[in-house]
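In this note's numbering, the protein residues as written are 927 to 1282. Using N, Cα and C, we set each Cβ at its ideal position, and we do this for glycine too. Being a predicted model, the structure only gives us computed values, none of them experimental.
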C-alpha cells in the first residue's frame, strides 16, 4: 500500500504576507495544493476567511502551537469526523455585539449541522494591547490570562467541549488611522493578527485541544475604495463562522513524548508522515519549519509571497528549494509526489490570446 503523500502549508500571521496577510486570501493556494496531495496540514491563518470558508476534505486545520508540537514529534494529529465545539466569549463584549456572535453560532449549528456546546463568558473582561515590532510585524498582550483559562476549562469539564472557539473584544482603531486606512487598501500588516495568535497558542498549550480565535470589533464605515483583499473582513458583524467550521473537523492532539499511554490509532499522523513543507521565502525562522528542516524534509520557499521579515532559508542553513510562486510550488509538489524530477518540467506559460 502506498503511503499517503502529505504537504504542510505554512503562512505565518501578522507579518504582512503578500498572500495570507488578509482573511481568506490564502484559501486559493490551499485549494490548489490540496488538489495535488493526499493530505494537507495547515493552520487557521490559511483557512480562515471571516464569514467565508471552503471545505477541503483532505485538509487538517491545526493551530500554530499544535503545529509546532507536531513538527517537533511531540504530538500526533488524529483526524475526526466532528468535534463538539465550545464557544468562549469575553465579558468585555458589548451586549449587542455578543448577541451578534451568538446568532452567528446558532446559524452555523442550524445551517451547517455543527455540534456546539452551550457558551461560556469569562468572569472578568479581558484587555488586549496591540503592538508592532521593529520589522512591522504585529503582536500584543492579553490579560487576565487566568480568567481566559478558567472559562476554557469550564467548557472542557462541564460541556465536554473537544475544541474551543474564542471571541475576545479587540480595541477599535479610528477609521482614519493611517495603519487601518493602509490595511483596508490592501497594504501593510494586519494589526491584530499577532495578538490573536497569542490567545490560541496559550489555550492550545494549556489544554492540548484545538483552539482558534475570532476578534470582536465594531463595524467600520463603508469605504468605496476597499481592497478586495480586505473585503472578507467587512461582510458582516463577526469573524466567527470560519473558525467554527475549521474547529468542527480539526484533528485532536495525541501526546507522543513521553511515550503515549495507549497505542496510537492507525489514522494518527506524526511528523514522519510529512513529505514537503511550503513556506514564504523570507519567513523561515518559525519553530515548525526549523524542526522539519532538521528532519531533512523537502522545503519549498516561495519567493513572491513577500513579508515584513527578512529570514531567508540560506541565513539559517536550511537547504530549501526556491520557487517563484505558489503556482510553481503546486507543480513542483505534483511532480515530486509522482517521483518525477521537478526541475525537468518546463512551465507551460504563454501570453493569453484573444478568443476567435
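Considering just the uninterrupted stretch of the beta strand (DSSP E) at residue i, what are its terminal residues?
i, result
"residue 1137", "1137–1142"
"residue 1037", "Per DSSP, residue 1037 belongs to no beta strand (DSSP E); it is in the alpha helix (DSSP H), 1021–1038."
"residue 1054", "1053–1058"
"residue 1179", "1178–1181"
"residue 919", "Here the chain covers residues 927 to 1282 and nothing more, so residue 919 does not appear."
"residue 985", "985–987"
"residue 1003", "1001–1004"
Sort out for me which residues DSSP pairs residue i with in a bridge.
i, result
"residue 1090", "1012 and 1137"
"residue 934", "967 and 1203"
"residue 980", "In the DSSP output, where bridge partners are listed per residue, residue 980 has none listed."
"residue 1249", "1228"
"residue 929", "Note: residue 929 sits in no beta bridge, so no partner."
For residue i, which option in the options has the closest C-alpha, if you only look at C-alpha atoms?
i, options, result
"residue 1070", "1079, 1259, 1054 and 1084", "1054"
"residue 1226", "930, 934 and 1177", "934"
"residue 1166", "978, 1217 and 1154", "978"
"residue 1256", "1021, 1090, 1228 and 1197", "1228"
"residue 1210", "957, 943, 928 and 929", "943"
"residue 956", "1102, 1021, 1252 and 1023", "1252"
"residue 1103", "1117, 1096, 1094 and 1092", "1117"
"residue 1052", "1062, 1178 and 1014", "1014"
"residue 985", "1022, 930 and 948", "930"
"residue 1199", "1160, 997 and 949", "997"
"residue 961", "1033, 1123 and 1261", "1261"
"residue 1009", "1065, 1195 and 1082", "1082"
"residue 1061", "1110, 1047, 953 and 1120", "1120"
"residue 1049", "1189, 1131 and 1080", "1080"
Rounded to whole angstroms, what is the Cα-Cα separation between residue i and residue j?
i, j, result
"residue 1019", "residue 1138", "18 Å"
"residue 1072", "residue 1134", "16 Å"
"residue 1238", "residue 993", "21 Å"
"residue 1234", "residue 951", "17 Å"
"residue 971", "residue 932", "19 Å"
"residue 1113", "residue 988", "27 Å"
"residue 1275", "residue 1254", "With a pLDDT of only 37 at residue 1275, under 50, the local geometry of the prediction cannot be trusted, and no value is derived from it."
"residue 1088", "residue 1021", "27 Å"
"residue 1241", "residue 1044", "48 Å"
"residue 1273", "residue 1161", "Confidence is the limiting factor: at residue 1273 the pLDDT is only 47, short of 50, which leaves the residue's position unreliable, though a coordinate-based value still follows. Each residue's Cα considered, the two are about 37 Å apart."
"residue 1125", "residue 1145", "22 Å"
"residue 947", "residue 938", "8 Å"
"residue 1012", "residue 1075", "13 Å"
If you follow the alpha helix (DSSP H) that residue i is part of, which residue opens it and which one closes it?
i, result
"residue 1105", "1104–1110"
"residue 1261", "1252–1263"
"residue 1083", "1071–1085"
"residue 1169", "1166–1174"
"residue 955", "953–960"
"residue 1153", "No alpha helix (DSSP H) holds residue 1153; DSSP gives it neither H nor E."
"residue 1190", "Here residue 1190 belongs to no alpha helix (DSSP H), and DSSP marks it neither H nor E."
For residue i, is the beta carbon positioned less than 7 Å from some heavy atom of the ligand FAD?
i, result
"residue 975", "No copy of the ligand FAD occurs in the structure displayed, which carries no ligand at all."
Under 8 Å, Cβ to Cβ, is there at least one residue of chain B near residue i?
i, result
"residue 1051", "Looking for chain B here will not work: only one protein chain is present."
Would you be able to state if there are at least three C-beta pairs under 8 Å between the segment 1165–1180 and the segment 1038–1058? With a cut-off of 8 Å on Cβ pairs, the segment 1038–1058 is in contact with the segment 1165–1180, counting three or more such pairs.
Does the segment 1028–1035 come into contact with the segment 1205–1221, if we say contact requires no fewer than three beta-carbon pairs (one atom in each stretch) closer than 8 Å? no
Count Cβ pairs between the segment 1189–1203 and the segment 998–1005 that sit closer than 8 Å; are there 3 or more? Touching, yes, given that three or more Cβ pairs across the two stretches are closer than 8 Å.
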